[in-house]
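Notes for the one structure printed next.
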Amino acid sequence: MRPVKLNDLHAGMQWIPLVPEQNNILPYSARLKSTQKSVNPGLVSASATFTLEFQ
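Just so you know, we're using the working numbering here: the sequence shown kicks off at -8 and counts up by one.
Printed below as a string of structure tokens:
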């Protein structure tokens, strides 16, 4: 998996067609990055909000 910058057009992206009047699943993933020298294992939770714009 290669990171893609926000708003970057990338020729290698795999586009997922959306089906109207149906739930569509968009697979996303994320990685965590340490902001301190020492880290401990544990649980993590997160949420993200995004807007899809259709043209």
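Ideal Cβ positions, reconstructed from N, Cα and C, are used throughout, including at glycine.
Between residue i and residue j, which are expected to be in contact by the criterion C-beta below 8 Å, what is the C-beta distance as a whole number of angstroms?
{"i": "ASN15", "j": "LEU23", "result": "Rounded, the Cβ-Cβ distance is 27 Å, inconsistent with contact."}
In whole angstroms, give me the CA-to-CA distance for residue i and residue j.
{"i": "TRP6", "j": "ALA39", "result": "20 Å"}
{"i": "SER25", "j": "PRO32", "result": "11 Å"}
{"i": "TYR19", "j": "LYS28", "result": "28 Å"}
{"i": "VAL30", "j": "ALA37", "result": "18 Å"}
Which residue wins for smallest C-alpha separation from residue i, given the options the options?
{"i": "LEU43", "options": "ASN31, SER29 and LEU17", "result": "LEU17"}
{"i": "VAL35", "options": "GLU12, PHE41 and ALA21", "result": "ALA21"}
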